[in-house]
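Student: For the sequence shown, the positions run 259 to 583 when the numbering used here is used.
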Amino acid sequence: MSLKAVIRGCGMYLPEKIVSNSNEDLSKTIDTSDEWIRERTGIHERRVAAEGEYTSDLAVRAAKAALQSASLQASDIDLVIIATTTPDLTFPSTAAIVQAKLGVEQGAAFDIQAVCTGFIYALSTAEKFLICGQHKRALVIGAETFSRILDWSDRSTCVLFGDGAGAFVLEAQAEEQAENRGVIGSYLRCDGRMVDLLYVDGGVSSSQTTGHVRMQGNKVFREAVNRISQAMEHVMEEAGISVKDVDWFVPHQANERIIQGVVKKLDLRSEQVISTIAKQGNTSAASIPLAYCAGVADGRIKQGDLVLLEAMGGGLTWGAALLRA
Ligand code: UT7
259 MSLKAVIRGC GMYLPEKIVS NSNEDLSKTI DTSDEWIRER TGIHERRVAA EGEYTSDLAV
319 RAAKAALQSA SLQASDIDLV IIATTTPDLT FPSTAAIVQA KLGVEQGAAF DIQAVCTGFI
379 YALSTAEKFL ICGQHKRALV IGAETFSRIL DWSDRSTCVL FGDGAGAFVL EAQAEEQAEN
439 RGVIGSYLRC DGRMVDLLYV DGGVSSSQTT GHVRMQGNKV FREAVNRISQ AMEHVMEEAG
499 ISVKDVDWFV PHQANERIIQ GVVKKLDLRS EQVISTIAKQ GNTSAASIPL AYCAGVADGR
559 IKQGDLVLLE AMGGGLTWGA ALLRA
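(1) Got a sec? Which residues, its chain only, sit under 8 Å from GLY400 by beta carbon, not counting five neighbours each side?
(2) Could you compute how far the alpha carbon of TYR457 sits from the alpha carbon of ASP409?
(3) Please report the distance separating the alpha-carbon of ALA308 from that of TYR445.
(4) Where do the ends of the beta strand (DSSP E) carrying TRP576 lie?
(5) How far does the beta strand (DSSP E) with SER278 in it extend, from its first residue to its last?
(6) Measuring CB to CB, does THR383 end up less than 8 Å from THR344?
(7) Taking C-alpha atoms, which residue in SER329, GLU529 and ASP292 lies nearest to GLY269?
(8) Between ASN438 and LEU360, what straight-line distance do the alpha-carbon atoms span, to the nearest angstrom?
(9) Which residues in the same chain have their Cβ closer than 7 Å to the Cβ of ARG413, if we skip the five residues on either side of it in sequence?
(10) Can you determine whether any heavy atom of the ligand UT7 sits closer than 7 Å to the C-beta of PHE290, and answer yes or no?
(11) Do VAL441 and ALA579 count as a contact pair if the criterion is CB distance below 8 Å?
(12) Where does THR467 land, buried or exposed, given buried means 16+ other C-beta within 10 angstroms?
(13) Could you please give the first and the last residue of the uninterrupted beta strand (DSSP E) stretch that includes LEU456?
(14) Taking 7 Å as the cut-off, is the beta-carbon of ARG298 closer than that to any non-hydrogen atom of the ligand UT7?
(15) Comparing alpha-carbon positions, which option in MET259, GLY365 and ASP292 lies nearest SER333?
(16) Cβ of ILE295 within 7 Å of any heavy atom in the ligand UT7?
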């Protein structure tokens, strides 16, 4: 029997605290301006987790919303995968912590670390666990408290990122039952030679510190549009799908100019983009499920729609995925 990994539900959570670009917030503490940030990135504001609010807390809120939208319970889940760069602890995995907080008592749980590409990696991994029949239902979560690894005095990075979490419930269904829905394909890449472009200057084994994000933003920018577009073209070609068939484009939300560059290169239309960057900034592994959920919640993404996802991040890692909602 051939199986498909179908998205049964999705959910999201954003922390309450809003940090704006304005003189009351960011422009008060660093040499920047609302105008610069909006023009160069498309970001107006971002969310920041409260003291004592951890990545696992955001993930649990998103997961509960996803379970509710799927009309399922914790006891129905046998796989929890969390894409995160900002785990609660060095170990155990944030997925293990979330599994316990949700009350999932069976199956497996683990984290995936591919920075901003993490959700594409996690989705692709979960799909393979489901279609081989090893697991039945997965929570695939992107969750980050990136605010905790920012150097708040470095204007070239601290204005870009935000906190949040988004989750999918994926279910293994027989092809006849799935009626063409589910993950169609994915394409994952990494080129570790470009680690210097985007990394954290600390770690367990090297410095025994957490470290802060360091980025040569303009160099990452130069790599982005081409690599992302190639990954999207690859995943469409493998699936025998033309860009004209795509209903919605749900990109990683790093920079509005990168998103529009990809739109132009692939001949997509701006109206097809689900963009959350203005209100959320770059939430790393959480940005794709957050944007997807926004599209579902406001009725744009409907059952049966063809959706194209992409991301690029530290590593460098990049990738794309295609699914039918
Ligand atoms: O999600 C993971 C992947 N990450 C990305 O994809 C991010 C990719 N990169 C970017 O989005 C952009 O490169 C940035 C938004 C980070 C920067 O935009 P840019 O147009 O590439 O600017 P730049 O780095 O070339 O800097 C231009 C100028 C510099 O000043 P000088 O040297 O020209 O005097 C910077 O010092 O802008 C200055 N600058 C700022 N000015 C005001 C950098 N950050 C700021 C700031 N406010 N926050």
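Even for Gly, the Cβ is constructed at its ideal location relative to N, Cα and C.
Tutor: Quick look at the numbers:
(1) ILE340, ALA341, THR342, GLY376, PHE377, ALA380, ALA423, GLY424, ALA425, THR541, SER542, ALA543, ALA544, SER545, ILE546, PRO547 and LEU548
(2) 13 Å
(3) 35 Å
(4) 575-582
(5) 275-278
(6) no
(7) SER329
(8) 30 Å
(9) ILE288, ASP289 and THR290
(10) Looking at the sequence shown, residue 290 is not Phe but Thr. Yes; taking the cut-off as 7 Å, the Cβ of THR290 has a heavy atom of the ligand UT7 nearer than that.
(11) yes
(12) exposed
(13) 456-458
(14) yes
(15) GLY365
(16) yes
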